[in-house]
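Notes follow once the structure below has been shown.
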Amino acid sequence: ISTSGQTTYEYGDVIETRPIYQIVEISEPMEQCWEEVVIDRYPSRSGSRTPVLVSTIIGGALGNAVGNGKSNKRIGAVVGAMLGHSIGRDIVTDRNRSRNAVRVYETVQRCETAYEKFEEERLVGYQVTYLYNGEEYSVRTDSDPGEQIRLRVSIQPAN
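Note that the sequence shown ends on residue 160 in the numbering used here; no numbers are left out.
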């Protein structure tokens with residue numbers, strides 16, 4: 002005696018097919034762009050170097066005058082010249098930044114991604130009512146079966 006079942010396929014008559022809708026929230030990316038005017042500043046190369054040279058000479062002379070011995074006068078002159086050079090360079094740089102900088106106006110495009118949210122009604126399936134062997138059944142399906150629905154019927158002994 003075999004206890005394994007047998008499967009066959011038959012069709013049931015569809016009585017009613019009702020679509021099932023669900024409201025879902027959708028977030029859709031949207032790129033938003035605009036134009037902006039920006040100012041770039043470039044230092045001018047036309048500034049005078051005279052303050053750097055003068056401050057280097059004055060610093061060297063002061064360092065030489067402050068030193069006591071021959072070697073101290075040399076060291077003082079070198080250190081004074083270095084300090085004078087640094088001070089003169091800072092003066093020139095500060096003056097050039099504020100007065101001699103070249104301003105360039107440029108239009109650039111800026112973009113960012115924003116998300117638009119909205120609700121949408123979407124079809125998620127069908128509630129299908131059908132007849133098979135005189136009995137009424139109901140099932141949810143992904144697609145509309147049409148006038149008939151295919152059924153898988155398993156036959157097994159009752160014992």
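All residues carry an ideal CB built from backbone N, CA and C; glycine is no exception.
Residues sharing a beta bridge with residue i, DSSP
i	result
THR57	In the DSSP output, where bridge partners are listed per residue, THR57 has none listed.
ILE27	PHE119
VAL79	Per DSSP, none; premise fails for VAL79.
ILE156	GLN7
SER139	THR130
ARG111	TRP35
Residue i burial status per 10 Å Cβ neighbour count (16 or more: buried)
i	result
GLY135	exposed
VAL140	exposed
VAL129	buried
ILE21	exposed
SER56	buried
ILE40	exposed
ILE150	buried
Straight-line Cα distance separating residue j from residue i
i	j	result
ILE59	LEU84	10 Å
TRP35	GLN23	37 Å
GLY126	GLN33	36 Å
VAL15	ARG111	58 Å
ARG75	GLY81	10 Å
MET31	THR114	6 Å
LEU54	TYR106	34 Å
PRO146	GLN157	27 Å
ASP143	GLU17	15 Å
VAL38	THR108	4 Å
TYR29	LEU124	Checking the sequence, you will find Glu at residue 29 rather than Tyr. The alpha-carbon atoms of GLU29 and LEU124 are separated by roughly 19 Å.
THR8	TYR138	19 Å
ARG19	ALA159	35 Å
ILE88	GLY77	16 Å
ASP91	VAL103	19 Å
Cβ separation of residue i and residue j, assumed to be a contact under 8 Å, to the nearest whole Å
i	j	result
TYR10	ARG153	6 Å
VAL25	GLU117	Rounded, the Cβ-Cβ distance is 15 Å, inconsistent with contact.
DSSP three-state assignment for residue i, whether helix, strand or coil
i	result
GLY147	coil
GLY126	strand
GLY13	strand
THR18	strand
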